[in-house]
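J.: Here it is, the structure in full.
In the numbering used here, the protein residues as written are 2 to 111.
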């Protein structure tokens, strides 16, 4: 029984040594394919985390000039809804876009 095991090990080593270039090519192919799979999983996880972070953590601070007209104030309030009062100054408010607003809105600026 031990002789058979030794025979199989010896023949495997001899066969691998005889076809060294084919063996290295197979090992290299497996290593590259596993690296690509791992990289794609890491990229997917990073994209999911970035998406979750942006969905939960994006805030805008809108600074209005003190002499803004009522029409301008109403236009901003139609596009942005308040989230909470800022602790910086008592008159500042944090706002977030409403679901009906879009980037092509006439009140939005680039």
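Beta carbons are placed, not taken as given, at the ideal position from N, Cα and C, and that holds for glycine. As the structure is a prediction and not an experimental result, all values here were calculated from the model.
Straight-line CA distance for residue 25 to residue 34?
T.: 14 angstroms
J.: Could you spell out where the alpha helix (DSSP H) holding residue 80 opens and where it closes?
T.: 71–80
J.: Quick check on residue 55: does DSSP put it in helix, strand or coil?
T.: helix
J.: CA-CA distance, residue 48 and residue 41?
T.: 10 angstroms
J.: In whole angstroms, what separates the C-alpha of residue 15 from that of residue 36?
T.: 29 angstroms
J.: Can you name the start and end residues of the alpha helix (DSSP H) that residue 66 belongs to?
T.: Counting along the chain, residue 66 falls outside any alpha helix (DSSP H), and DSSP gives it neither H nor E.
J.: Reducing DSSP to helix, strand and coil, say where residue 31 ends up.
T.: In this structure, residue 31 counts as helix in the three-state DSSP scheme.
J.: Just the Cα atoms here: how many angstroms apart are residue 72 and residue 80?
T.: 13 angstroms
J.: How big is the Cα-Cα spacing for residue 19 and residue 44?
T.: Rounded to whole angstroms, residue 19 and residue 44 show a C-alpha spacing of 39 angstroms.
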